[in-house]
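Quick note on numbering that gives the first Met the number 0: the sequence shown kicks off at 0 and runs consecutively. A quick write-up on the structure given underneath.
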Amino acid sequence: MEIAFGGIWYWFIVMAVVSYFVGCFNFALLISKIKHKDVRKMGSGNPGTMNMSRQFGLKIGALTLFCDMIKGGLPLLIAHLIFRGYIFAGTDVLVGDLARYVCGVSVIIGHIYPVTMKFKGGKGIASTLGMYSFALCCEYWWMIFIVLAILLLTLFYIWASEWGSMGSLLGVSLLTAVQGVVFWMRYAGELSEVFVMVIFLLLLLDCFLTWFAHRKNIMALLSGEEHHTSVRKLSHGKKDAA
0 MEIAFGGIWY WFIVMAVVSY FVGCFNFALL ISKIKHKDVR KMGSGNPGTM
50 NMSRQFGLKI GALTLFCDMI KGGLPLLIAH LIFRGYIFAG TDVLVGDLAR
100 YVCGVSVIIG HIYPVTMKFK GGKGIASTLG MYSFALCCEY WWMIFIVLAI
150 LLLTLFYIWA SEWGSMGSLL GVSLLTAVQG VVFWMRYAGE LSEVFVMVIF
200 LLLLLDCFLT WFAHRKNIMA LLSGEEHHTS VRKLSHGKKD AA
């Protein structure tokens with residue numbers, strides 16, 4: 000079913016704003032508060048999965064990861080279900096493809112730059128992993144195998160190298176590439192269409208945001224000062240000092 004952008008543009012604004020505020024909700028902070036602590040004052044000070052794992056153990060870190068992944072994917076899934084079957088008038092571009100990433104990227108921006116935390120949030124990795132996981136699997140059920148393979152590869156890299164930040168960025172970059180290839184194949188004949196260009200720009204924006212949020216980690220890694228994340232120690236209940 001065709002639909003004109005002029006008739007639904009305001010929905011994209013509503014989706015972006017709502018998704019941004021969903022992103023502002025920080026599960027790491029909530030969970031640490033439940034444990035009568037503030038993760039922002041512990042370890043690296045980052046309210047995210049890695050710091051939660053270092054300070055409270057692997058189980059709490061996994062819980063934070065799961066919650067943030069759901070946060071990154073749920074708004075996107077809702078947008079997909081609402082606009083499923085619609086295309087922009089005069090094109091073959093699926094409205095849901097644009098709507099999903101308007102929601103997804105808005106969640107990531109809210110997570111990294113939450114107005115509720117004076118624009119000092121997490122680094123967006125878990126929410127981005129959730130965003131891509133939901134985005135890829137909601138269209139093709141078999142994509143779950145590719146997503147799981149990339150997530151397992153990411154975990155293996157972190158386990159083997161003890162470079163948590165680089166492993167996280169590797170996972171995000173691989174998922175961005177997979178989604179980019181899917182869209183490239185889908186819109187090979189319409190790459191100059193403005194909606195398609197916006198979709199690709201959103202993918203690049205998300206990848207840039209996560210790398211930019213890790214800029215200090217990257218500089219520390221290049222200078223040999225990056226903190227190691229030992230999954231072995233965390234799995235045995237040992238606190239990994241920051």
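For each residue, glycine too, the CB sits at the ideal point set by N, CA and C.
Inter-residue spacing [alpha-carbon to alpha-carbon] between residue i and residue j
| i | j | result |
| --- | --- | --- |
| Gly71 | Ser31 | 20 Å |
| Met116 | Leu220 | 27 Å |
| Leu203 | Phe211 | 12 Å |
| Glu224 | Trp8 | 47 Å |
| Gly89 | Lys215 | 45 Å |
| Ile145 | Phe87 | 29 Å |
| Trp10 | Val171 | 28 Å |
| Ile69 | Ala187 | 31 Å |
| Leu18 | Met218 | The amino acid at residue 18 is misidentified as Leu; the sequence shows Ser. Near 31 Å, if we compare the C-alpha coordinates of Met218 and Ser18. |
Endpoints, the alpha helix (DSSP H) within which residue i is located
| i | result |
| --- | --- |
| Asp205 | Val193 to Ala212 |
| Pro74 | Leu57 to Phe82 |
| Val114 | Segment: none, Val114 is in no alpha helix (DSSP H) and carries neither H nor E. |
Distance CB(residue i)-CB(residue j) smaller than 8 Å
| i | j | result |
| --- | --- | --- |
| Gly47 | Ala61 | no |
| Leu174 | Leu128 | yes |
Residues near residue i in its chain [Cβ-Cβ closer than 7 Å; skip 5 each side]
| i | result |
| --- | --- |
| Leu75 | Arg99, Cys102, Gly103, Met130, Phe133 and Ala134 |
| Lys253 | Since the first and last residues shown for the chain are 0 and 241, residue 253 lies out of range. |
| Ile12 | none |
| Met142 | Leu135 and Cys136 |
| Glu189 | Thr90, Asp91, Val92 and Val195 |
Nearest to residue i (by Cα), restricted to the options the options
| i | options | result |
| --- | --- | --- |
| Thr63 | His213, Arg214, Leu80 and Phe24 | Phe24 |
| Ile124 | Glu138, Gly166, Lys58 and Ser160 | Gly166 |
| Arg185 | Asp91, His79, Trp10 and Phe11 | Asp91 |
| Ile81 | Gly89, Met196, Ala88 and Asp96 | Asp96 |
| Glu263 | Ser18, Gly84, Phe182 and Arg53 | Residue coverage of the chain in this structure runs from 0 to 241, which leaves residue 263 outside it and unanswerable. |
| Met0 | Cys206, His35, Arg83 and Ile59 | Arg83 |
| Gly179 | Trp158, Ser164 and Leu201 | Leu201 |
| Leu147 | Phe199, Val177 and Leu73 | Val177 |
Residues near residue i in its chain [Cβ-Cβ closer than 8 Å; skip 5 each side]
| i | result |
| --- | --- |
| Asn50 | Ala27, Val38, Met41, Gly42, Ser43, Gly44 and Ala241 |
| Val197 | Leu97 |
| Tyr85 | Met0, Glu1, Ile2, Leu93, Val94 and Gly95 |
Close-in-space but distant-in-sequence residues of the same chain around residue i (CB under 6 Å, 5 per side omitted)
| i | result |
| --- | --- |
| Gly22 | Val106, Gly109 and His110 |
| Lys194 | Note that residue 194 is Phe in the sequence shown, not Lys. Cβ within range, chain order: Phe87, Val92 and Leu97. |
| His79 | Gly95, Arg99 and Cys137 |
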